[in-house]
Amino acid sequence: MGVDSLQHMTKLAQELRASMPTQTEHQQAQSSEFGADAARAAAPARSGVSVIARRAPLTGSLRRSTRAGHGESEMLLLEKDYEEVRVRYEELLKQNEALKTDTRRRMESYIRREARYKEEIVSLRDELRRALAGLGGGDDEGVMGPLHAMHGQILTGLTGLQDKTKAVLQEQEADLLRAFRARLYDVQMELEAERSKKDDGALEWIERTRTLGKELDWSREEALRLDRTNQHLAKENGRLRNQAAAQDDDRQFLLRQLVALKKENAALRDTNLQIKAAAAAAANGALRPTATTAETTVEPLTRPGTSASTGALPWRQSASQASRLLPGSGGLAPSASVPHLARPTTTPAQRSRLSVAEPQLSAATAGGGTAVATAAVGKVAQLENRLREATANRAEAERRGATVASRLNKMIDAERRALRALRATHTRELQSRSELEIFLRQCIADVKAQLSESRARSDLSAPERQRVMELLLSQERVVSLLYAKTFPRGPAPQSVWQGDLVLAQSTPPESPTRTDATDSPAPQTGSRFASSPGCASALPSEPQDAS
5 MGVDSLQHMT
15 KLAQELRASM
25 PTQTEHQQAQ
35 SSEFGADAAR
45 AAAPARSGVS
55 VIARRAPLTG
65 SLRRSTRAGH
75 GESEMLLLEK
85 DYEEVRVRYE
95 ELLKQNEALK
105 TDTRRRMESY
115 IRREARYKEE
125 IVSLRDELRR
135 ALAGLGGGDD
145 EGVMGPLHAM
155 HGQILTGLTG
165 LQDKTKAVLQ
175 EQEADLLRAF
185 RARLYDVQME
195 LEAERSKKDD
205 GALEWIERTR
215 TLGKELDWSR
225 EEALRLDRTN
235 QHLAKENGRL
245 RNQAAAQDDD
255 RQFLLRQLVA
265 LKKENAALRD
275 TNLQIKAAAA
285 AAANGALRPT
295 ATTAETTVEP
305 LTRPGTSAST
315 GALPWRQSAS
325 QASRLLPGSG
335 GLAPSASVPH
345 LARPTTTPAQ
355 RSRLSVAEPQ
365 LSAATAGGGT
375 AVATAAVGKV
385 AQLENRLREA
395 TANRAEAERR
405 GATVASRLNK
415 MIDAERRALR
425 ALRATHTREL
435 QSRSELEIFL
445 RQCIADVKAQ
455 LSESRARSDL
465 SAPERQRVME
475 LLLSQERVVS
485 LLYAKTFPRG
495 PAPQSVWQGD
505 LVLAQSTPPE
515 SPTRTDATDS
525 PAPQTGSRFA
535 SSPGCASALP
545 SEPQDAS
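Below is the structure:
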């Protein structure tokens with residue numbers, strides 16, 4: 005029994021060796037444990053010679069005729085062949101190792117199974133022997149013969165089963181490989197078909213995406229530029245507001261000074277009248293040398309808040325008016341001529357001057373009326389000069405205030421004009437952009453309305469988009485807007501509105517109002533664009549000049 009199993013194993017090992025690829029000298033040298041370096045050094049030459057020997061029948065006389073003149077190309081071919089052989093050798097080594105591992109595993113499994121079978125056989129023999137001994141003995145050959153035959157059949161069946169299993173696995177592997185190759189071929193064919201198929205819609209969408217990306221970049225840059233301009237104008241507006249506030253404060257200060265000067269002027273007029281009356285009374289000799297009358301003598305008044313030396317103002321009355329009140333002119337007494345005179349309000353400095361002037365006035369009264377009249381005329385002349393200076397200063401202040409106010413008004417008007425111009429420019433920009441958007445949306449709506457009767461689709465194909473562009477560019481107003489967008493500084497042709505036809509206009513509208521598609525929705529029509537009321541109604545009306 006053991007001999008049959010060993011023979012069977014030997015047979016399987018021989019079949020396995022026969023199925024394994026034979027190793028060449030190069031492979032044996034590589035797998036050897038001794039002399040590896042020498043084998044690796046000698047193997048390339050032998051493999052190259054063998055490759056050349058194999059390639060020689062393929063190339064024939066052509067290789068022999070060109071070998072002498074193309075030594076370098078031959079070396080390249082040899083190197084390439086060497087690389088191929090080396091790669092093939094490595095693959096075979098891997099396959100050999102895998103087969104060895106598989107064989108070793110199978111051998112171990114077979115040995116274990118064979119040992120188990122031997123143990124079972126021994127146990128069965130013992131049982132059979134005990135059974136025969138219990139039956140009283142018998143012919144061993146007659147009993148064991150069928151058992152040996154049955155055991156041989158079992159071993160033969162196991163061997164056949166292994167062979168069948170191996171064949172089935174190989175067939176399944178071949179079927180899977182064929183199915184995989186067929187599926188791979190189908191996928192490659194589909195991929196080639198997809199690559200070769202022309203997809204105009206995808207190209208158009210890609211181009212549209214690029215165009216929209218460029219438009220988005222331009223809009224972002226324009227928004228940043230307008231933001232910077234807005235910030236600059238906001239700073240300038242703040243500066244001008246501060247300047248206007250400062251100038252307004254200056255104007256208020258000048259107005260307050262002007263009001264104060266007017267009040268001082270009125271007070272000086274009253275004082276002048278009182279001095280004239282006092283001079284007339286002194287000329288007639290009717291002045292009383294008392295402290296009460298001396299307080300009404302000529303005294304330079306000061307401007308509120310200033311000293312007596314710097315705040316003195318001149319008087320308006322001339323010396324000729326005062327001379328008419330001298331002796332011999334028929335002047336009246338104070339009680340008869342100016343009964344309405346009141347005592348003026350005096351400051352401490354004025355009271356000190358009046359106290360000093362009282363002895364002088366008494367002496368002048370005692371010396372005669374002529375000396376008093378002469379002194380009064382001198383005082384009146386001095387006061388008149390001071391009054392002229394005050395009037396000139398007030399006129400200069402008024403002129404300076406008027407100049408500052410006019411300059412401020414001019415600056416405010418200039419800023420208002422600049423602001424109006426900027427608003428008009430921004431409005432024109434928004435209006436022109438919205439007008440183009442209205443044109444494009446209305447054209448797309450018209451084409452969709454025409455196609456909705458035949459098929460219900462939300463998107464547009466390539467011919468439909470081309471038709472939209474043709475209808476859009478058929479409007480001369482759109483052409484003029486595109487021209488104005490492309491060449492903003494150049495002159496654009498004139499515009500005339502004739503029904504549904506729109507001609508370009510050279511001067512952009514100055515109206516700040518903006519016609520947007522959201523304010524007045526355009527009707528959806530399916531007619532041609534040349535006679536489409538939707539496209540015509542989507543156009544903004546021409547603004548009329550309010551002036």
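The number in this note's numbering is simply the position in the sequence shown, starting from 1, with 4 added.
We put the CB at the ideal spot given by N, CA and C, even for glycine.
**Per-residue burial, K280 [other beta carbons within 10 Å of its own, 16 or more giving buried]** = K280 should be labelled buried.
**Request:** With a cut-off of 8 Å on the beta carbons, I'd call E208 and R469 a contact; round off their distance for me.
**Result:** Rounded, the Cβ-Cβ distance is 7 Å, consistent with contact.
**Request:** May I have the straight-line CA-CA distance separating E393 from R232, to the nearest angstrom?
**Result:** Computed Cα separation, rounded: 54 Å.
**Message:** Suppose you measure from the CA of H430 to the CA of R411; what does that come to, to the nearest Å?
**Reply:** In this structure, the CA atom of H430 is about 29 Å from the CA atom of R411.
**Item:** Q261, DSSP secondary structure in three states
**Value:** Q261 sits in a helix when the DSSP states are folded into three classes.
**Alpha carbon of T160 to alpha carbon of A153, nearest angstrom** = Spanning the two alpha carbons is a distance of roughly 10 Å.
**Prompt:** Residue range of the alpha helix (DSSP H) that P467 falls in?
**Reply:** Secondary structure note for P467: its alpha helix (DSSP H) is the uninterrupted segment A466 to L477.
**Asked** For N288, which three-state DSSP category applies?
**Response** DSSP places N288 in coil when its eight states are reduced to three.
**Message:** Give me, in chain order, the residues of the same chain whose beta-carbon lies closer than 7 Å to that of E419; leave out the 5 immediate sequence neighbours on both sides.
**Reply:** Beyond the five residues adjoining it in sequence on each side, E419 comes within less than 7 Å, by CB distance, of L244 in the same chain, given in chain order.
**Rounded Cβ spacing between G382 and R255 (contact assumed at less than 8 Å)** = The pair is not a contact, with the Cβ atoms about 40 Å apart (cut-off 8 Å).
**Message:** Here's the rule I'm using: 16 or more other beta-carbon atoms within 10 Å means buried, otherwise exposed. How should A449 be labelled?
**Reply:** Classification of A449: buried, given that the 10 Å Cβ count is 16 or more.
**Message:** Report the CB separation of V472 from C447 in whole angstroms; it is logged as a contact under 8 Å.
**Reply:** With a Cβ gap of about 5 Å, V472 and C447 count as contacting.
**Request:** Could you say if the stretch 115-123 and the stretch 84-95 meet the contact criterion of at least three C-beta pairs nearer than 8 Å?
**Result:** Between the stretch 115-123 and the stretch 84-95 there are fewer than three C-beta pairs closer than 8 Å, too few to call the two in contact.
**Opening and closing residue of the alpha helix (DSSP H) in which S484 lies** = Here the alpha helix (DSSP H) through S484 covers E480 to T490.
**Secondary structure of S200, DSSP reduced to three states** = Three-state result, S200: helix.
**Prompt:** By how many angstroms is the C-alpha of P467 removed from the C-alpha of R432?
**Reply:** Each residue's alpha carbon lies about 34 Å from the other.
**Assigned secondary structure, S113 (DSSP; H/G/I helix, E/B strand, else coil)** = Helix at S113.
**Prompt:** According to the Cβ coordinates, are L476 and F443 closer than 7 Å?
**Reply:** Result yes, Cβ atoms of L476 and F443 sit closer than 7 Å.
**Asked** Would you say the stretch 257-271 touches the stretch 396-403, given that touching needs at least three Cβ pairs under 8 Å?
**Response** Result yes; three or more Cβ-Cβ pairs closer than 8 Å.
**Message:** Can you tell me whether S456 is helix, strand or coil according to DSSP?
**Reply:** DSSP, reduced to helix, strand and coil, places S456 outside both helices and strands of the structure shown, so it counts as coil.
**Rounded separation between A287 and R273 - CA only** = Near 21 Å, if we compare the C-alpha coordinates of R273 and A287.
**Item:** Classification of N234 by the beta-carbon crowding that lies within 10 angstroms, buried from 16 upward
**Value:** Its Cβ having fewer than 16 others within 10 Å, N234 is exposed.
**Request:** With a cut-off of 8 Å on the beta carbons, I'd call L262 and E402 a contact; round off their distance for me.
**Result:** Between the beta-carbon of L262 and that of E402 there is about 6 Å, and that keeps the pair under the 8 Å contact cut.
**Request:** Look at the alpha carbon of T275 and the alpha carbon of N413, and state the distance between them as a whole number of angstroms.
**Result:** So the two alpha carbons sit approximately 39 Å from each other.
**Item:** Cβ distance (whole Å) where A559 is taken to contact V384 below 8 Å
**Value:** Any answer about residue 559 is impossible in this case: the structure gives the chain only from 5 up to 551.
**Request:** Could you round the C-beta distance between D408 and Q251 to whole angstroms and report it? I think they count as a contact, below 8 Å.
**Result:** According to the sequence provided, residue 408 is Val. The question's Asp does not apply to it. The beta-carbon distance between V408 and Q251, rounded to whole angstroms, is 6 Å. This is short enough to meet the 8 Å contact definition.
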